[in-house]
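First comes the structure, then the notes that go with it.
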Amino acid sequence: MATEPEIKQLEKVYAREAQFEQQAIDRAVKEVNRAQKAHAKAVKEVEKAERNAHKSAQQTQKASKFLEKQKDKYEKVVKHGGHVEGKLKKKQEEEVRSTQEIKQMHTALDELLSTNYLNAKDRTGRLQGVHAADGK
Numbered sequence: 001m002a003t004e005p006e007i008k009q010l011e012k013v014y015a016r017e018a019q020f021e022q023q024a025i026d027r028a029v030k031e032v033n034r035a036q037k038a039h040a041k042a043v044k045e046v047e048k049a050e051r052n053a054h055k056s057a058q059q060t061q062k063a064s065k066f067l068e069k070q071k072d073k074y075e076k077v078v079k080h081g082g083h084v085e086g087k088l089k090k091k092q093e094e095e096v097r098s099t100q101e102i103k104q105m106h107t108a109l110d111e112l113l114s115t116n117y118l119n120a121k122d123r124t125g126r127l128q129g130v131h132a133a134d135g136k
């Protein structure tokens with residue numbers, strides 16, 4: 001059987017073991033709590049990153065649609081510009097042609113006026129000749 005001092009010594013040893021175990025448990029609980037907090041923080045950060053990624057994807061899609069619309073507008077403007085240039089060229093050609101026609105008409109008018117002047121002069125001369133022959 002154990003003596004009183006041995007029992008007290010055993011009680012001290014057991015108390016110290018229990019104290020060390022409790023300290024280990026307390027440390028483990030703190031570690032678990034820290035890990036749980038870190039995990040919760042990581043989950044929140046993942047959720048935030050997912051929201052940001054979703055927003056970014058929406059913005060990218062919106063920008064892509066905007067660019068596509070602008071590309072379509074650009075292509076329409078370029079196409080319209082081509083039509084306008086074609087019309088301009090056609091109108092310029094018509095202007096050149098009408099200018100040439102007007103010059104030809106002026107030339108024909110000048111010739112007609114010249115012929116008319118000569119014919120009028122000839123008629124006046126013949127008429128004077130007829131009057132002179134009558135007056136003799």
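First residue of the sequence shown: 1, per UniProt numbering; consecutive thereafter. All C-beta atoms, glycine included, are put in the ideal place defined by N, C-alpha and C.
is_contact[residue i, chain D] using C-beta, thresh 8 Å
i, result
"glutamate 75", "Chain labels in this structure do not include chain D; a single protein chain is all it has."
First through last residue of the alpha helix (DSSP H) which encompasses residue i
i, result
"alanine 2", "Alanine 2 -> no alpha helix (DSSP H), and no H or E assigned at all."
Own chain partners of residue i with C-beta closer than 6 Å, once the 5 adjacent residues on each side are dropped
i, result
"arginine 51", "none"
Contact test: residue i Cβ vs the ligand GDP heavy atom, cutoff 7 Å
i, result
"lysine 87", "Ligands displayed in this structure: none; no statement on the ligand GDP is therefore possible."
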